[in-house]
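Asks: First the structure, then my questions, so here it is.
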Ligand SMILES: Cc1ncc(COP(=O)(O)O)c(C=O)c1O
């Protein structure tokens, strides 16, 4: 289990300068998907189990939150304001991990079709102490955010998906982690890596981390939200 990010192992001068706190269990394991390879006639498919990144609430948000929530704490904030759809995994992860650090999440959520998963996440947001606001359109959202910032002190704002440049550092670290796993022979160097593209922080960070570690794997983002939310320009801006 890592006691500090691989980033600080590789670049010790960053430790203390960049905020970070441990929230997850890393490295996450890598598995070869034998059955899928056989049934689809593919040569080799591997999966990196970031769903196992935390026993509190895993998934791809934990790596970002290790940097961003540490920043919120370091700046002396009490609240973390963030955004997403009604059933947002990012909002739930932020709520659960913020609470572990003594921060309270404030969620400004936009409507989405109510499925059992959406209902479950929303109920968990409330159970873990989030303050929840519904914004039905951009104007309403702007007004709610203005009101929150006027009436509270110590509000740290985390963008949609947690994809700030600081959040993306979590996936720079994931790239360094994967490179170590390749180096130690746990898996071969991937020719291609497929991942979901939401707000871009995951892809941008991973790209930088892999290149820093000297891996040339091609990254393919499979876009989930509309293009105005996740796009190449956004990834490029975050990676730079
Ligand atoms: C498992 C998983 N991978 C990747 C992503 C995309 O992350 P990002 O918003 O950083 O592009 C998401 C976003 O929801 C996700 O849930």
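In our numbering, the protein residues as written are 1 to 240. No residue lacks a Cβ here, since even glycine has one placed at the ideal position from N, Cα and C. Here the structure is a predicted model, which means the values were calculated and not measured.
(1) Could you round the C-beta distance between residue 95 and residue 162 to whole angstroms and report it? I think they count as a contact, below 8 Å.
(2) So residue 174 and residue 206 are supposed to be a Cβ contact under 8 Å. How far apart are they, rounded?
(3) Measuring CB to CB, does residue 197 end up less than 8 Å from residue 230?
(4) Where does the unbroken beta strand (DSSP E) through residue 197 begin, and where does it stop?
(5) In the DSSP assignment, what residue or residues form a beta bridge with residue 48?
(6) Please list, in chain order, all residues of the same chain as residue 225 whose beta carbon is under 7 Å from its beta carbon, the five residues on each side excluded.
(7) Using CA coordinates, which residue listed in 45, 68 and 15 is at the minimum distance from residue 166?
(8) Using the three-state DSSP reduction, which class does residue 81 fall into: helix, strand or coil?
(9) I'd like to confirm something about residue 230: is its beta-carbon nearer than 7 Å to some heavy atom of ligand 1, or not?
(10) Decide yes or no for the touch test of the stretch 45-63 against the stretch 21-36: beta carbon pairs closer than 8 Å, at least 3 of them.
(11) Between 9, 209, 31 and 81, which has its C-alpha nearest residue 131's C-alpha?
(12) Check the DSSP bridge columns for residue 189 and list the partner residues they point to.
(13) CB-CB under 7 Å to residue 51, same chain, minus the five flanking residues each way: which ones, in chain order?
Replies: By the coordinates alone:
(1) That pair is no contact at about 12 Å.
(2) Contact between residue 174 and residue 206 holds: their C-beta atoms lie close to 6 Å from each other, under 8 Å.
(3) Taking 8 Å as the Cβ cut-off, residue 197 and residue 230 qualify as a contacting pair.
(4) Secondary structure note for residue 197: its beta strand (DSSP E) is the uninterrupted segment 192-197.
(5) Per DSSP, the beta bridge partners of residue 48 are 30.
(6) Same-chain partners within the cutoff: 198.
(7) Comparing Cα positions, the closest option is 68.
(8) Strand.
(9) At least one heavy atom of ligand 1 is nearer than 7 Å to the Cβ of residue 230, so yes.
(10) Two segments are said to touch when three or more pairs of C-beta atoms, one from each, lie closer than 8 Å; by this definition the stretch 45-63 touches the stretch 21-36.
(11) The alpha carbon of residue 131 has as its nearest neighbour, out of 9, 209, 31 and 81, the alpha carbon of 81.
(12) In the DSSP output, where bridge partners are listed per residue, residue 189 has none listed.
(13) Within the same chain, residue 51 has close Cβ partners 58 and 59.
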